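Beneath this line is the structure, given in structure tokens, with notes to follow.
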């Protein structure tokens, strides 16, 4: 028993460490992008187009990860892309979480007409195809960082609301909620003090998953050219550009793709690790 | 005057009656058992008194007087305050009755802060006293523990301490020993009885265990299908149960002296006659 627990803890720890360090690295890279980037991410140089990464023949040390068909530095663009990706992940993720978890909690705990209203709303909402919905929203609001964040929040809050509603419902049936009620605690107080701490691990997992999803959605939208203005380097637009010249210069596609993959994976692993970390039984 | 008085209480889920015209009283400091098989509505009566009925269940008639005030005629807010100040619950399952995500100490001190308006420090000192009173070793350490770190018996002791914390005058104990193992059950029952006697609290003891009733209670109410069949003292019940169902229930209690350890159930003829009685009652009072 004690051994199993220690083994489980070790696994959790390595998970947290690996995903945490990648994300930390990414945050540092994003913050220090102007210092770290060897080139201006927007500077074009047609004489230096499609340079291969450092370890291949014909590389230029000024372009460590090579350059794209317009001669822009892949490393610099990936670093600057991290800024947008992280801002979207953080802001869109938290806004989605607050809106969705809040509504889910109210629906699951208060039940009655509030639940009826919120649940019907969720069902209607989920009938829309999400990517199409996002594209439509951005077409209406225009491109830009705010539109992307709004689009992600508007599409994804139902994910939180549904799960948290179910969790809150099962927690409400517990005796400790009845005891608090008998003690004369207000309903809102019970929701915040008794129910919320018990759904918090789930919220944390969903939040980190949502951050990963936000990064993907942003990449999808910039892949179809609907993200921020086309000037700003984003991983999605880099992948889109790289796709066009995949046979001549694979590195333009592959490096932002690996970064994107590791980032999304790290977010979900961080969530899993944190969930177990918060679990009072495993603690 | 009785401290708790139910008169003609009826409740329904949709059109299905859950409680049928239930009347019972608990005097100040009295220990009354509420006895019946599963589904008889005994827990529902406890929940109706404490205001924790599931939303699907609707009270359709009658009154609940707690310390002379009709709970059903009060505004929700006042009702909550009155119940909080005068009554408490010892729940059935100690495993779900403590919030798993919070430390034990604050869960009990909160009650004193909420109900009596005490300060945190003062409440903490009182809770340590209470935990000591229910024989919990090292109360300070237990208060910092999470529920999962404690055994079922420990948790039930904590819940008993928590129920008595704010000096309620009525405690509803909803089968408080069902989820515990037999050796612990006895200790817990003795503890409940000691605490009840020391504090002079009235106790409504919901159970299906007649052995427990004979040891703990003074009076009892027998329920079947949400209807009161018999309302009597415990001595009288064990000597000469008045209702056929009561007699059958008593006969079905397993004894060590049974020849081959065979288990008896309430004969079908009896349940059928009781159901006929209930049907006749429903017919007399439509709606």
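Chains as they are written, first to last, in my numbering: chain A, 1 to 283; chain B, 1001 to 1287.
Note that the Cβ used here is the ideal one computed from N, Cα and C, for glycine as well.
Being a predicted model, the structure only gives us computed values, none of them experimental.
Listed as beta-bridge partners of residue 1224 of chain B by DSSP are B:1227. If you look at residue 1086 of chain B, you'll find it in the alpha helix (DSSP H) that goes 1076 to 1086.
Under the DSSP assignment, residue 1007 of chain B falls in the beta strand (DSSP E) whose first and last residues are 1004 to 1013. Interface criterion not met: the Cβ of residue 1070 of chain B is under 8 Å from no Cβ in chain A.
Contact annotation: in the stretch 191 to 204 of chain A, residues whose CB is within less than 8 Å of a CB in chain B are 193, 194, 197, 198 and 200.
Under the DSSP assignment, residue 277 of chain A falls in the alpha helix (DSSP H) whose first and last residues are 251 to 278. As summarised for the stretch 1083 to 1139 of chain B, the continuous beta strand (DSSP E) elements at least 3 residues long and confined to that stretch are 1087 to 1090, given in chain order. Looking at B:1255, B:1208, B:1278 and B:1231, the one whose alpha-carbon comes closest to that of residue 1035 of chain B is B:1208.
If you check the CB distance, residue 206 of chain A and residue 162 of chain A do not come in under 8 Å.
Taking the beta carbon of residue 1081 of chain B as reference, the chain A residues within 8 Å of it are 184, listed in sequence order.
Taking a 10 Å sphere around the C-beta of residue 14 of chain A, we find fewer than 16 other C-beta atoms and assign the residue as exposed. In this structure, the alpha-carbon of residue 59 of chain A lies about 6 Å from that of residue 53 of chain A.
Contacts with chain B at 8 Å (Cβ-Cβ) do not include residue 162 of chain A. Under the three-state reduction of DSSP output, residue 1027 of chain B falls in the coil class, being neither helix nor strand. Around residue 1217 of chain B, the same chain offers 1031, 1032, 1033, 1205 and 1234 as residues with beta carbons nearer than 7 Å, after the five sequence neighbours per side are excluded.
For a Cβ distance threshold of 9 Å, residue set 1055 of chain B lies close to residue 111 of chain A, ordered along the chain. In this structure, residue 78 of chain A lies near residue 255 of chain A, with their beta-carbon atoms less than 8 Å apart. Residue environment: residue 1151 of chain B is assigned as exposed (fewer than 16 neighbouring CB atoms within 10 Å of its CB, all protein chains considered).
Residue-level contact by beta carbon holds for residue 174 of chain A and chain B, with a gap shorter than 8 Å.
Within chain A, the residues placing a beta-carbon under 9 Å from that of residue 1051 of chain B are 181 and 182, ordered along the chain. Look at residue 1233 of chain B here: in three-state DSSP terms it is strand. For residue 225 of chain A, the secondary structure class from DSSP, reduced to helix, strand or coil, is coil. According to the DSSP assignment, residue 170 of chain A belongs to the alpha helix (DSSP H) that extends over 145 to 172. Across the set B:1158, B:1103, B:1026 and B:1017, the C-alpha of B:1026 shows the shortest separation from the C-alpha of residue 1203 of chain B. The stretch 73 to 89 of chain A and the stretch 27 to 44 of chain A touch, with three or more beta-carbon pairs separated by less than 8 Å. Following the DSSP letters along the chain, one finds residue 1192 of chain B inside the alpha helix (DSSP H) bounded by residues 1182 to 1199. A residue is called buried when at least 16 other Cβ atoms come within 10 angstroms of its Cβ; residue 1175 of chain B meets this threshold and is buried. A direct Cα-to-Cα measurement between residue 1018 of chain B and residue 204 of chain A gives close to 41 Å.
When 9 Å is used as the limit between beta carbons, residue 178 of chain A is near these residues of chain B: 1047, 1050, 1052, 1089, 1091 and 1097, in chain order.
Around residue 1243 of chain B, the same chain offers 1222, 1229 and 1230 as residues with beta carbons nearer than 7 Å, after the five sequence neighbours per side are excluded. Bounds of the beta strand (DSSP E) holding residue 1058 of chain B are 1057 to 1066. Spanning the alpha carbons of residue 127 of chain A and residue 253 of chain A requires a straight line of approximately 34 Å.
Counting every other CB atom within 10 Å of its CB across the protein chains shown gives residue 157 of chain A a total of 16 or more, marking it as buried. DSSP places residue 1174 of chain B in the uninterrupted beta strand (DSSP E) bounded by 1170 to 1174. It is roughly 14 Å from the alpha-carbon of residue 140 of chain A to the alpha-carbon of residue 152 of chain A. For residue 1204 of chain B, there is no enclosing alpha helix (DSSP H); the enclosing beta strand (DSSP E) covers residues 1202 to 1207.
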